[in-house]
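To start, the structure itself, in structure tokens.
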Amino acid sequence: METTEVRHGGNDMSTRMSIPEIAARLDVGRLAVYAMLEQGLLPGIRLGRRWIVTRHAFEEWERTCGLGLAGRAPAPGGTGLPHQPEHKVN
Numbered sequence: 629m630e631t632t633e634v635r636h637g638g639n640d641m642s643t644r645m646s647i648p649e650i651a652a653r654l655d656v657g658r659l660a661v662y663a664m665l666e667q668g669l670l671p672g673i674r675l676g677r678r679w680i681v682t683r684h685a686f687e688e689w690e691r692t693c694g695l696g697l698a699g700r701a702p703a704p705g706g707t708g709l710p711h712q713p714e715h716k717v718n
């Protein structure tokens with residue numbers, strides 16, 4: 629009997645983009661990509677010293693020319709994602 633492994637969650641690296649891949653798509657250097665992430669111009673999440681950029685978020689940003697993030701201050705920590713209000717749990 630043959631079984632097929634089904635993966636759920638975000639462990640598939642094809643759903644993430646590397647900094648060099650983003651740099652090549654934008655025709656800029658790696659340092660420019662890091663600067664854009666720090667400034668909140670590109671969608672990404674910082675985990676320690678690493679940046680995580682999902683392919684979906686980048687392609688949506690690319691498709692809309694970054695309009696979803698334009699004119700908005702970066703979230704605390706420079707993630708480039710909107711600030712989510714805290715909800716109290718009773």
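Position 32, counted from 1, in the sequence shown is what my numbering calls 660; the numbers after and before it change by one each time, with no gaps.
Ideal Cβ positions, reconstructed from N, Cα and C, are used throughout, including at glycine.
Under 7 Å Cβ to Cβ from G694, same chain only, skipping five residues before and after it: list those, please.
Residue 694 sits at position 66 when you count from the first residue of the sequence shown. In its chain, beyond the 5 residues on either side, L669 have a beta carbon closer than 7 Å to the beta carbon of G694.
Rounded to a whole number of angstroms, what is the C-alpha to C-alpha distance between P648 and E687?
For the purposes of this step, residue 648 is identified with residue 20 of the sequence shown, where counting begins at 1. For the purposes of this step, residue 687 is identified with residue 59 of the sequence shown, where counting begins at 1. So the alpha carbons of these two residues sit roughly 15 Å apart.
Which of the three DSSP states is assigned to R678 in this structure?
For the purposes of this step, residue 678 is taken as residue 50 along the sequence shown, with counting starting at 1. Strand at R678.
State the Cα-Cα distance for the pair E666 and R691, rounded to the nearest angstrom.
Here the question's residue 666 lines up with position 38 in the sequence shown. Here the question's residue 691 lines up with position 63 in the sequence shown. Cα to Cα, E666 sits roughly 21 Å from R691.
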